[in-house]
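Following: one structure in structure tokens, then a few remarks.
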Amino acid sequence: MSADDRTPVSLSTAGPDDPHMQPLARNPQRMEMAIGLAMVAGIAAIIGFGVAYWYNADPWVLGATLGGGLSLLGFGITAWGKYLMPQGPFVEERHDLRGTDEERDVFAAAVVQRGGGILGRRKLLAGLAGLGLAAFGVVFAFPLIRSLGPLPGKTLDKTNWRKGTYLVDQTGREIHVDDLAVGGIVTVFPKGKEDTPEGQAVDQTVIIRIATRDFTTRPGRETWGPQGYVAYSKLCTHLGCPVGLYEQQLELLVCPCHQSMFDVTNGAWPNFGPAPRPLPQLPIYIDGRGYIRAQSDYTEPVGPGFWERS
Amino acid sequence: MTHSIIRRLLLPVVVLSTVTLSMLVFFAGGSSGAADPATVVASTVTDAQATTKASLPPAAYQTGRENSGAANSTDQVFNDKGQLVAYGNSDMVYTEAPSQLIPMGQALYAQNCASCHGNNADGVPAKDTPGSFPNLRGLGSGTIDFWIESGRMPAADTTAVQANRKQSRLTHEQALAVTAYVASLSPATPFIPTVRNLDTADTSDGFSLFALNCAACHTVTGGGDALAAGTYAPSLRKIPATQVAEAIRTGPGNMPRFTGNLSDAQVRNIVAYVTGNIQHPVNPGGLGLGGLGPVAEGFLGLALGIGLLTLIAFWIGDRT
Amino acid sequence: MTDTAKKPDASAFGPVGKALNELDDRLGIAKGGRSLLDKIFPDHWSFMLGEIALYSFVILLLSGIFLTLYFVPSQDVVTYMGSYAPLHGQHVSAAFASTVDLTFNVRCGLLMRQIHHWACVIFLGAIVVHMARVFFTGAFRKPRELNWSIGTILLILGIANGFLGYSLPDDLVSGTGLRIAFSITESIPVVGTYLSFFLFGGNFPGTAVIPRFFTIHVLLVPLIMLGLVTAHLFLLVRQKHTQFPGKGRTEKNVVGAPMVPVFAAKATGFFFMVFGVTALLGGLAQINPIWQFGPYDAAKISYAVQPDWYMGWLDGALRIWPAWEWTGFGHTIPLEVTLPAVILPGIVFTLALLWPGLERKLTKDEAMHNLLDRPRDRPKRTAFGSAYFAFLAMLFIASSTDVVANFFHISLNAVLWAMRVLVILVPLITYPVAYALCKELQAAEGGKRKRANVVTRTAEGEYVAVPAEQRPGDGHHELDPEPVPDFIDFDGADPSAPGVRQVGR
């Protein structure tokens, strides 16, 4: 029988013989046995957790004993409440939250008089108090916020690449013109910065060999791709993820985060996805000993867009 | 580190290379010597004086860096005709497919490959699909072996964007025979790599290199995923060590080639990490849920966690 | 006065009674105590969804305290020398090293980590499900608007804290999330670069973000949430529960089970079951295996990196948003980031926060509501909510375009374009479909209480089916409230008379 079919009564008026006070279970003795068994099993499993912990068992044993034990114990307690306690339903009166009209008026009058009346009479003092609080708020916000970090300044506009900087891999090994085959890619850093957080986060660059002859990716970049080597910033212009995914037949760099695709034969112009700008290209040259070095810093800020970027 | 010392010691002693190589194999190769191709090759070497660089075949994927998959490695082994049959170092050995299988390979090639790649294995230009039936000459046996042994060739569907890995139509010996035949048309490196002493490799270095070079496509747990325009990075969960090394060295399909930017020692470490921790992940926390898994975790948490608890609530509460 | 001099041990209820008397002397608990014990909780199962969230929150606090004892919130670089071989010798942050040590070397550490993470997944899931229940049944209506807003703020704080906690281990996957968070902050016009530099203590990655996020994650946000949860529960007790209409249930009463013992037993048992399910997940289903991801290094990246599910919709919006960068006057606004990652969540949450007021404005319904709506009886609200969820669900799916493409072997590019269309299309379709469905359900009212058709045969032999007389609760009824007229419209009153205005209904 569902509780819904019964008229709810007030708990305070229901006597011990009231059907509302009877348990839901048809056979309370049998139900008590069943619930007791579940709780015993739960307690056993919880003790099992203690034993498993003592013997440093695998996490799955710990989880199974603890989780199983708590679940069984919880099941027992819930079933006790559901099947063996007064089934109700009971009713409780809901009293209005609002006060009487008179109470409301008295309260409102006090607020208005004490607020507007007493404070309003000393406008200067009230104003000064407000001003003091505001000044405190503003001034106190300064140490809270301004101490947190340095001002950006021009930090985001430049990297550690300079004229003549060697391109090295993460072990610090300089990249030689003979190293890469067409279709090869390596992540490089300015020499000396390969093991610094800054070098990894800002200066990171990929160098790809897309041909064996000098390669021009855009007009005006005739000297930037010596012997088919092209170097692009590894920071996605969308959100700064490392664009480490290179598909050599499609000649696409793909950002693993949000799948922006950059055409490496065309100055890394984005041709799919949310990235708005091409990856900046690093002008490079090959020195007399065959090592690849930077012609200069990037000609534009690397990474995602920001307000001060022109 | 060790192999550069070995290289410095070995190279000047060209005359003693046979003896030294045998000793190297004996000491470094350990108990697995019998299965080690370098041992087999070393025992067939009869004329150590044939080691002249002038006779080295060209590298299909050019790299000038030594010990990076091309013939300019620490040790080279030549057959009695003066042809390079194996090269390598204490980390990796690259072996040419055995020449006695060439006649068998020629027949198999005619049956299985010639219709697309041409009778001379120099490719057939397919309309509007450049590179669909590429020239196979001068690619090196490592490349040919990878495509056949991984079951990608002979292709099931020649119009597919990317050939799928499948059970190879050819047996291991047949695959090796085709490789031997195609490679013999225009010998080049890399040969078929064998990673040595995988169990003592530096998996930590391998993990680090994997995260830098491989995870961007294959995911850091090696599950693979869809890439641009219908291509995909395959799962690495069941790839044998040789094919991992072959793929790194030859860059099949859209995969970049790792030649001079990874030394043989580094490739060995990556292969050890892939065949070790990628293929047998340590999952002390229960079911692995396919490795990388906020998607799987979220699904499980919502479907099982919230679902089960909602069902429990449904049991506890009233339904009207 | 002589009454108070009575000895407290004169209770007829033994030592317990004596103790209660002692307490009542000091705290005055007897007056309200009985009515608190008798407080009635409605029994409907959907009212327990919020309990799941509450209990997960408790589990989060308990397991979180355990984790703080072992976690080292520092970005200092250390050389890992712990028991997981593939990380040996790698340079990792102290935060990462301590998390791996906690996983492998602290007894029960991995279980606690996983319980904490699963509890978070369940916590936020339960909040969303609970919110959906409250929304679709109209439980947020007057007088409970404030509690709805508190709940919404709890959801926002929960999502934020989930992200912060996810970032703390400084592994490859979470570090990528931090990089994205930096870039999103940077994208805010005018102040973005300053905000991001202040938050991270300099340009990414900075040195301060892990310790700062740790403090925010374990102290600031949990404290605020604890306060808000307390306020949420206080308001719930103060305003009493809503209830579905039914036998003996009115706007003026609450029907259900008393707090002690019935509700207390069920709630305690349910708490243990929530804890049990979370512990089972924590022991049997591995979550966030950071040792397989490795330490964060800004130059490394893994493909197929998704955030936890509750952040997924934001990631999806970032994926599908077109590349709309604005430049001009020497400035750049990366709208392809600002719009989906700052403006969009702002709109989504503001709309949620303000919904009760908005609905009151639209329906002009100023009445107190303690009885709940059936969703079908409010077709417009139900349709709107469904469309809202459909929109978020589509964004969520868009965050796994690569997984979808890989699973169904279709082109990633095609999936992305499909999602761009579906995000707009599916909510637009959902609204009319949900609306029509509600109308259909209204017509087929009642489930058990179907109206009988009385079939009669006419003298000509024709069979005629006539619906039986309506019974209370049957049939089609809209619950759209009538606007209260400004003036009473007396029949026959002279409309031209001063002070009398005719009001159209």
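Protein chains in written order, with our numbering: chain P, 1322 to 1631; chain X, 1429 to 1748; chain A, 3 to 507.
Where a beta carbon is used, it is the ideal one built from N, C-alpha and C, also for glycine.
Since the model is a prediction, treat every value here as computed from it, not as a measurement.
- Contact between the segment 1500 to 1507 of chain P and the segment 1515 to 1535 of chain P is present: three or more C-beta pairs spanning the two stretches fall below 8 angstroms.
- For the segment 26 to 56 of chain A, residues whose beta-carbon sits nearer than 9 angstroms to a beta-carbon of chain X comprise Pro44, Asp45, His46, Trp47, Ser48, Phe49, Met50, Leu51, Glu53, Ile54.
- If you ignore the 5 residues before and after Val80(A), its C-beta comes within less than 7 angstroms of the C-beta of Val94, Ala96, Ala99, all in its own chain and listed in chain order.
- Assigned with DSSP and collapsed to three states, Ser1554(P) falls in strand.
- The continuous beta strand (DSSP E) containing Phe1593(P) extends over residues 1590 to 1593.
- Runs of the alpha helix (DSSP H) lying entirely within the segment 1584 to 1623 of chain X and spanning at least 4 residues, in chain order: 1600 to 1613.
- Here the alpha carbons of Gly1533(X) and Pro1526(X) stand approximately 11 angstroms from one another.
- For the pair Val136(A) and His234(A), the Cα-to-Cα distance works out to about 14 angstroms.
- Put simply, the CB of Pro1712(X) is near chain P, with a gap under 8 angstroms to one of its CB atoms.
- Note on Tyr465(A): under 16 other CB atoms within 10 angstroms of its CB, so exposed under the neighbour-count rule.
- Of all alpha-carbon atoms in Met313(A), Ala266(A), Ser198(A), Asp367(A), the one lying nearest the alpha-carbon of Ala162(A) is that of Met313(A).
- Contact annotation: the segment 164 to 178 of chain A does not touch the segment 140 to 150 of chain A, with fewer than three C-beta pairs closer than 8 angstroms.
- Close partners of Leu112(A) in chain P (Cβ separation under 7 angstroms): Pro1380.
- Listed along chain X are Thr1631, Ser1632, Gly1634, Phe1635, Tyr1701, Gly1704, Asn1705, each with a C-beta nearer than 8 angstroms to that of Pro88(A).
- Residue-level contact by beta carbon holds for Phe1742(X) and chain A, with a gap shorter than 8 angstroms.
- Between the C-alpha atoms of Ser65(A) and Gly1716(X) there is a straight-line separation of about 22 angstroms.
- Assignment of beta-bridge partners to Gly258(A) by DSSP yields Phe1411(P).
- Selection Gly1579(X), Ala1583(X), Ala1584(X) evaluated against Gln1595(X) yields Gly1579(X) as nearest (Cα-Cα).
- Distance from the CA of Phe1370(P) to the CA of Leu1391(P), rounded to the nearest whole angstrom, comes to 10 angstroms.
- In the three-state scheme derived from DSSP, where H, G and I count as helix and E and B as strand, Met114(A) is classed as helix.
- The Cβ of Gln1408(P) sits no closer than 8 angstroms to any Cβ of chain X.
- Inter-segment contact for the segment 104 to 116 of chain A and the segment 276 to 292 of chain A is present: three or more beta-carbon pairs are separated by less than 8 angstroms.
- Contact annotation: the segment 1730 to 1741 of chain X does not touch the segment 1656 to 1666 of chain X, with fewer than three C-beta pairs closer than 8 angstroms.
- For Gly330(A), no alpha helix (DSSP H) run applies; the uninterrupted beta strand (DSSP E) run containing it begins and ends at 328 to 330, by DSSP.
- Counting only runs that start and end inside the segment 1367 to 1440 of chain P, the alpha helix (DSSP H) elements of at least 4 residues fall at 1380 to 1400, 1422 to 1433.
- Excluding its 5 nearest sequence neighbours in each direction, Ser48(A) has C-beta neighbours in its own chain below 6 angstroms: Arg135, listed in chain order.
- Taking each of Ser1581(P), Gln1580(P), Ile1607(P), Pro1577(P) in turn and checking the Cα distance to Ala1552(P), the smallest one comes out for Ile1607(P).
- In the three-state scheme derived from DSSP, where H, G and I count as helix and E and B as strand, Glu1495(P) is classed as strand.
- For Asp1585(X), no Cβ of chain A is located within less than 8 angstroms of the residue's own Cβ.
- In this structure, Gly1634(X) places its C-beta atom within 8 angstroms of the C-beta atom of Tyr1701(X).
- For the segment 404 to 416 of chain A, the set of positions with a beta-carbon nearer than 7 angstroms to some beta-carbon of chain X reads Asp404, Val405, Ala407, Asn408, Ser413, Leu414, Asn415 in chain order.
- Not a single CB atom of chain P sits nearer than 8 angstroms to the CB of Thr81(A).
- Here the alpha carbon of Leu1637(X) sits roughly 13 angstroms from the alpha carbon of Gly1565(P).
- Going by C-alpha positions, Leu346(A) is about 38 angstroms away from Phe274(A).
- Residues of the same chain with a CB within less than 6 angstroms of the CB of Ala306(A), apart from the 5 flanking positions on each side, are Asp404 in chain order.
- Between the segment 1667 to 1681 of chain X and the segment 328 to 335 of chain A, the count of Cβ pairs shorter than 8 angstroms is below three; the stretches do not touch.
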